[in-house]
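Quick notes on the structure that follows.
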Amino acid sequence: MFEAGSNLFTVAPNLPTEALVLNSYETFSSVRTLLLKLSNDLTGEHRDVALAIHQLSELGVMLVGQMMDHETPVARA
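Each residue of the sequence shown is one higher than the one before, starting from 1 at the first, in UniProt numbering.
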């Protein structure tokens, strides 16, 4: 039986910050892509909600991307 407070998934406690940031970026990017594909199949209010969530996930991608640039700057040509 399910116990309140139990976690099905956990994050390893000793992961380096770089791994956490990179995985966060990839997760947000996947959500963004899935929502954009989903919104193409929706109409009306449901499409508006999917696009609003897409926009929020895009902001998450941008924020984590900026954090990655601060932590590991990339040389620009």
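Even for Gly, the Cβ is constructed at its ideal location relative to N, Cα and C.
Pair within 9 Å by beta-carbon distance, residue i and residue j
i: residue 95; j: Met62; result: Given a span of 1 to 77 for the chain in the structure shown, any question on residue 95 remains unanswerable.
i: Arg47; j: Ser39; result: yes
Through-space distance from residue j to residue i, alpha-carbon basis
i: Phe9; j: Thr43; result: 34 Å
i: Ala52; j: Arg32; result: 11 Å
i: Asn23; j: Leu34; result: 16 Å
i: Thr27; j: Val64; result: 11 Å
i: Leu15; j: Tyr25; result: 15 Å
i: Asp41; j: Ser30; result: 17 Å
i: Val49; j: Pro13; result: 34 Å
i: Asn7; j: Ala19; result: 21 Å
i: Leu36; j: Gln66; result: 22 Å
i: Glu45; j: Gln55; result: 15 Å
Task: In chain order, each beta strand (DSSP E) run of at least 3 residues that lies wholly inside the segment 3 to 65 - done: none
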